[in-house]
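Notes follow once the structure below has been shown.
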Amino acid sequence: MTMWQPNTSLVQLRPVDEHDVDDILSWVNDKSVVGNLASFAGKPLTREDELTWVRKVRTSTDERVFTVTEAHDGRYLGQVGLHQIFWRSRVARAAAIIASTGDHGKGYGSAAIAALLDVAFHELELHKVWLMVFRTNERSLRTWRRLGFVDEGVLRDEYFHEDAWHDMVRLGLLRHEWR
15 MTMWQPNTSL
25 VQLRPVDEHD
35 VDDILSWVND
45 KSVVGNLASF
55 AGKPLTREDE
65 LTWVRKVRTS
75 TDERVFTVTE
85 AHDGRYLGQV
95 GLHQIFWRSR
105 VARAAAIIAS
115 TGDHGKGYGS
125 AAIAALLDVA
135 FHELELHKVW
145 LMVFRTNERS
155 LRTWRRLGFV
165 DEGVLRDEYF
175 HEDAWHDMVR
185 LGLLRHEWR
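Below is the structure:
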């Protein structure tokens, strides 16, 4: 089986910096954007919260966070990152968001994730990248699976969100499975 190859010429990645905070604030408190993400605090985040977070991840040894921009015009699209990098085992948790729903379905997310995986496996020489996705987030599950991630299990009632328990699907990709 030939794996689908994303068009990585669609996007560019660069390390997140303080200049990105206003763009991040444009979506980080929007429930329509973050409603399918399990990693947000559940309380409104302030500019100072985001500045603190950006400064922390820029100096972190166990996180790599990138801003995603449109390759042709440099327009802000979102963020991708490797979190909880466990260097001894060479394993990390992936995360990705394309902020504007108007940019969904255009290949930006797949291209950004592909670029992130190139960093993970070729630059950082990680062995495995994993993530968890709400079982009901079919669009996200399709994207990660199309990029080669395989289901590793379902964690039942793993996350309490909006007054209900939700199952999470854990997906993973090993270095030798990527390109």
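Last residue of the sequence shown? That's 193 in the working numbering, and every number before it is there in order.
All residues carry an ideal CB built from backbone N, CA and C; glycine is no exception.
Inter-residue Cα distance where the pair is residue i and residue j
i      : j      : result
Ala129 : Asp177 : 36 Å
Arg107 : Gly116 : 26 Å
Leu91  : Ile127 : 13 Å
Gln26  : Val82  : 6 Å
Arg170 : Glu152 : 17 Å
Leu96  : Val105 : 9 Å
Trp41  : Trp101 : 31 Å
Residue range of the beta strand (DSSP E) that includes residue i
i      : result
Leu24  : Element bounds for Leu24: n/a, residue is neither H nor E.
Lys142 : Lys142 to Phe148
Trp192 : Premise fails: Trp192 is in no beta strand (DSSP E) and is neither H nor E.
Whole-Å CB distance - residue i paired with residue j, under 8 Å assumed
i      : j      : result
Leu140 : Arg189 : 7 Å
Glu166 : Gly186 : 5 Å
Contacts around residue i, its chain only, beta-carbon distance under 7 Å, and the 5 residues preceding and following it disregarded
i     : result
Trp67 : none
Glu84 : Val25 and Leu91
Asn43 : Pro58 and Leu59
Extent of the continuous alpha helix (DSSP H) to which residue i belongs
i      : result
Thr115 : Run containing Thr115: none; DSSP gives neither H nor E here.
Checklist entry - Are three or more beta carbon pairs between the segment 61 to 68 and the segment 156 to 166 nearer than 8 Å? => result Segments in contact, no.
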